[in-house]
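Heads up: the sequence shown runs through residues 1 to 106, numbered per the UniProt record's numbering. From the three backbone atoms N, C-alpha and C, an ideal C-beta is built for every residue, glycine too.
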Amino acid sequence: MEDKSIQFHRYLPSISNDFLEKIENQNNTSKKQDISFQKILKGLIDEVNQLQKDADESIQKLVTGQIDSVHQVMMAVEEANIAFQLMMEIRNKLIDTYQQIMRMQI
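Structure (structure tokens):
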């Protein structure tokens, strides 16, 4: 009888011990650092802000003739747009979660 089950291990890349050790070291390092929720959110907002600035700068360079690639400008604008939409969805989820917590009865 032929085995027709899916062999996932054939499709997954092999994970070396070096890679596993690297992840473990990163986890140990991150536990030692004091990373607050506020710092994470601020970092994400700063990244989105930088993407918006980069997109604006590339538009200005296209208008002034410093850049000839419309493709490059459109990619920067779309990347900034997607990042902003993601940030807004995260914001909406956080607000919904906060409102649910506030409605909880103790």
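Sub-8 Å separation of residue i and residue j beta-carbons
| i | j | result |
| --- | --- | --- |
| Ile67 | Val73 | yes |
| Leu51 | Glu79 | yes |
Length of the line joining the Cα atoms of residue i and residue j
| i | j | result |
| --- | --- | --- |
| Leu94 | Asp46 | 18 Å |
| Ser69 | Leu62 | 8 Å |
| Gln99 | Phe84 | 23 Å |
| Gly65 | His71 | 14 Å |
| Glu38 | Gln60 | According to the sequence displayed, residue 38 carries Gln and not Glu. Taking the straight line from one Cα to the other gives about 33 Å. |
| Met102 | Asp96 | 10 Å |
Residue of the options minimising C-alpha distance to residue i
| i | options | result |
| --- | --- | --- |
| Ile90 | Leu41, Gln100, Ser36 | Leu41 |
| Val48 | Ala76, Ser58, Met87 | Met87 |
Residue i burial status per 10 Å Cβ neighbour count (16 or more: buried)
| i | result |
| --- | --- |
| Ser36 | exposed |
Spatial neighbours of residue i in its chain, beta-carbon cut-off 7 Å, leaving aside the 5 residues before and after
| i | result |
| --- | --- |
| Ala76 | Asp54, Ala55, Ser58 |
| Asn92 | none |
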